[in-house]
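Protein sequence lines correspond, in order, to chains A and B. Quick note on this note's numbering: the first sequence kicks off at 2 and runs consecutively. Quick note on this note's numbering: the second sequence kicks off at 1213 and runs consecutively. Note that the Cβ used here is the ideal one computed from N, Cα and C, for glycine as well. Read through the structure below, which is laid out as structure tokens, and then see the notes.
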Amino acid sequence: AQSVSQHNHHVILSEAASLELGCNYSYGGTVNLFWYVQYPGQHLQLLLKYFSGDPLVKGIKGFEAEFIKSKFSFNLRKPSVQWSDTAEYFCAVMDTDKLIFGTGTRLQVFP
Amino acid sequence: DGGITQSPKYLFRKEGQNVTLSCEQNLNHDAMYWYRQDPGQGLRLIYYSQIVNDFQKGDIAEGYSVSREKKESFPLTVTSAQKNPTAFYLCASRPNLGSNQPQHFGDGTRLSIL
């Protein structure tokens, strides 16, 4: 079965810093990949998704992710973070009609 | 507005008691899911259902039970056999089987042991 690794458990940044959160999945073939965000006290929201085509995917709120098949990776990036980006971020891969999630990365952005 | 409704938002359980968490969706989605969220462990799949009257165990099904008698409803029962039930429980749904559509999530139910 698929598994997902998120290597950064807790990231602390100042506003305007650049962000990259790592995500690796366990095996290749055709993969459907997702990044979800959970703002404090809110439900999980979809940031972006990759199914096929251009490996650079743009999502909401200025986030993007790059699918690198050779590295089994789908890292999330944002050039300049804001205080409002403080949240928990989850990478996920679709495995036979169910989503498998990573353990999440808690991002704290300080003004 | 279409969405997923989980109730209650907060739930307290006494030792040895079964409790049932409600999940209702009006999105006409075929598939529904229950996850458990614990700090540092992400979301772990408890049970999922791809069609009415059918469901499958996820990674941590022990101590839980579900039913899927209606397309829009997928209640989760936390039984007394679940020794560590304190967690945040999330329900999700997704459209047609085999589609590559993402899951939609409810607001969650936080369960605590008295």
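State the Cα-Cα distance for the pair residue i and residue j, rounded to the nearest angstrom.
i	j	result
D98 of chain A	L1257 of chain B	12 Å
G54 of chain A	K70 of chain A	12 Å
K59 of chain A	N76 of chain A	12 Å
E1227 of chain B	N1296 of chain B	10 Å
R1322 of chain B	L108 of chain A	22 Å
Q74 of chain A	F68 of chain A	The residue you asked about is not Gln; residue 74 of chain A is Ser in the sequence shown. Straight-line Cα distance between these residues: approximately 6 Å.
A1293 of chain B	Y26 of chain A	32 Å
T87 of chain A	G42 of chain A	12 Å
Y1276 of chain B	V1290 of chain B	5 Å
L47 of chain A	D1266 of chain B	27 Å
Y40 of chain A	G1320 of chain B	13 Å
Q1229 of chain B	K1283 of chain B	27 Å
V1278 of chain B	Q1237 of chain B	15 Å
E146 of chain A	G1270 of chain B	Residue 146 of chain A is absent from the structure shown; chain A starts at 2 and stops at 112.
F91 of chain A	E1274 of chain B	24 Å
At which residues does the beta strand (DSSP E) containing residue i begin and terminate?
i	result
E89 of chain A	A88 to D96
H11 of chain A	H11 to S15
R1306 of chain B	A1299 to R1306
T1217 of chain B	I1216 to S1219
Q109 of chain A	T106 to F111
Y1192 of chain B	The first residue shown for chain B is 1213 and the last is 1326, placing residue 1192 of chain B beyond what the model contains.
L45 of chain A	Careful: L45 of chain A lies outside any beta strand (DSSP E) and carries neither H nor E.
K62 of chain A	No beta strand (DSSP E) holds K62 of chain A; DSSP gives it neither H nor E.
S81 of chain A	From DSSP, S81 of chain A is part of no beta strand (DSSP E); its letter is neither H nor E.
L1239 of chain B	Per DSSP, L1239 of chain B belongs to no beta strand (DSSP E) and is neither H nor E.
K99 of chain A	K99 to F102
T1291 of chain B	No beta strand (DSSP E) contains T1291 of chain B, which DSSP labels as neither H nor E.
L1323 of chain B	T1321 to I1325
State yes or no: is the C-beta of residue i within less than 8 Å of the C-beta of residue j?
i	j	result
P1287 of chain B	T1217 of chain B	no
V38 of chain A	V94 of chain A	no
Q1249 of chain B	A1299 of chain B	yes
Y1247 of chain B	L1302 of chain B	yes
Q1315 of chain B	Y1259 of chain B	no
F111 of chain A	L1255 of chain B	no
S1285 of chain B	L1239 of chain B	no
G63 of chain A	K79 of chain A	yes
F52 of chain A	N1312 of chain B	yes
L14 of chain A	L20 of chain A	yes
I1263 of chain B	D1242 of chain B	yes
S85 of chain A	A17 of chain A	no
T104 of chain A	V12 of chain A	no
C24 of chain A	Q7 of chain A	yes
L45 of chain A	F1317 of chain B	yes
Have a look at the DSSP bridge pairing and note the partners of residue i.
i	result
G1254 of chain B	B:D1250
Y51 of chain A	A:L34
A18 of chain A	Answer by DSSP bridge pairing: none, since A18 of chain A is not bridged.
Q39 of chain A	A:E89
N25 of chain A	A:S6 and A:S74
F68 of chain A	A:F75
F1317 of chain B	B:A1304
For a test of your reading of the model: does the CB of residue i fall under 7 Å from any non-hydrogen atom of the ligand ATP? Yes or no.
i	result
R1256 of chain B	Absent from the structure shown: the ligand ATP. Ligands present: none.
Ignoring anything shorter than 3 residues or poking outside the stretch 1259-1284 of chain B, list the beta strand (DSSP E) runs there in chain order.
1266-1269 and 1276-1278
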